[in-house]
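Let me begin by presenting the structure, written as structure tokens, before commenting on it.
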Amino acid sequence: MRDDDFDLSELDDFTEQLLELAEKRMPKETRKFLQIEGNKLRKLTLAKGKQLVKRRSGDYFKGIKRGKFYKFEGDTASIRVYGSSPVSHLIEYGHRQVTKDGKEIGFVKGRKVFEKSRMQFEGQYHRDCEDFVDELLEKGLK
26 MRDDDFDLSE LDDFTEQLLE LAEKRMPKET RKFLQIEGNK LRKLTLAKGK
76 QLVKRRSGDY FKGIKRGKFY KFEGDTASIR VYGSSPVSHL IEYGHRQVTK
126 DGKEIGFVKG RKVFEKSRMQ FEGQYHRDCE DFVDELLEKG LK
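Residue 65 in my numbering sits at position 40 of the sequence shown, and the numbers go up by one each step.
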């Protein structure tokens with residue numbers, strides 16, 4: 026490592042430890058924070074879907090929902106946004122275009138609505154996490 030480089034791995038470890046401590050000491054605040062972030066991602070996904078998907082038939086947009094707070098793999102606090110409509114996976118990943126007699130005439134490419142929304146939301150989520158950690162420190166979590 027050169028003299029002008031910074032080693033931020035210890036700071037990242039501290040942040041992870043702080044978030045873990047927040048989950049144990051202030052679980053209600055952590056749950057509320059993740060629910061708010063899930064709502065923001067759902068709204069962004071809905072807006073991105075309306076931008077990318079031109080056809081307005083069916084319940085695709087009604088099916089974009091925020092899930093419940095849960096522990097991923099037993100220890101990581103998580104929340105998800107998903108599509109509950111029966112055609113969500115077709116719009117997301119693409120599908121074969123078939124006539125009524127079963128003849129394939131092409132392939133409709135996937136719109137990747139959820140993936141694009143996730144990538145767009147990632148920066149905002151990191152900023153919100155930093156603000157959440159700052160707020161926890163102000164409340165006296167040391």
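All C-beta atoms, glycine included, are put in the ideal place defined by N, C-alpha and C.
Considering only their Cβ atoms, is the gap separating residue j from residue i smaller than 8 angstroms?
| i | j | result |
| --- | --- | --- |
| residue 107 | residue 119 | no |
| residue 56 | residue 94 | yes |
| residue 158 | residue 44 | yes |
| residue 73 | residue 164 | no |
| residue 46 | residue 146 | no |
| residue 136 | residue 77 | yes |
Residue i and residue j look like a contact to me (Cβ under 8 angstroms); what is the Cβ gap, rounded to whole Å?
| i | j | result |
| --- | --- | --- |
| residue 83 | residue 109 | No, residue 83 and residue 109 are not in contact; Cβ-Cβ is about 12 angstroms, not under 8 angstroms. |
| residue 113 | residue 150 | Contact flag wrong, Cβ pair sits at about 22 angstroms. |
| residue 104 | residue 63 | 4 angstroms |
Using CA coordinates, which residue listed in the options is at the minimum distance from residue i?
| i | options | result |
| --- | --- | --- |
| residue 68 | 139, 116, 151 and 163 | 139 |
| residue 133 | 145, 153 and 115 | 115 |
| residue 59 | 161, 154 and 163 | 154 |
| residue 117 | 99, 127 and 75 | 75 |
Keeping to the same chain, check which residues put their C-beta closer than 7 angstroms to that of residue i; ignore five residues upstream and five downstream.
| i | result |
| --- | --- |
| residue 121 | 129 and 132 |
| residue 40 | 158 |
| residue 81 | none |
Near residue i, which residues of its chain fall below 6 angstroms by C-beta distance, leaving aside the five closest residues on each side in sequence?
| i | result |
| --- | --- |
| residue 48 | 55 and 102 |
| residue 162 | none |
Keeping to the same chain, check which residues put their C-beta closer than 8 angstroms to that of residue i; ignore five residues upstream and five downstream.
| i | result |
| --- | --- |
| residue 53 | none |
Segments assigned beta strand (DSSP E), at least 3 residues, entirely inside the stretch 55–105 = 89–91, 95–97 and 101–103
ask   = Taking only runs of the alpha helix (DSSP H) that begin and end inside the stretch 118–166, which ones reach a length of at least 4 residues, in chain order?
value = 138–163
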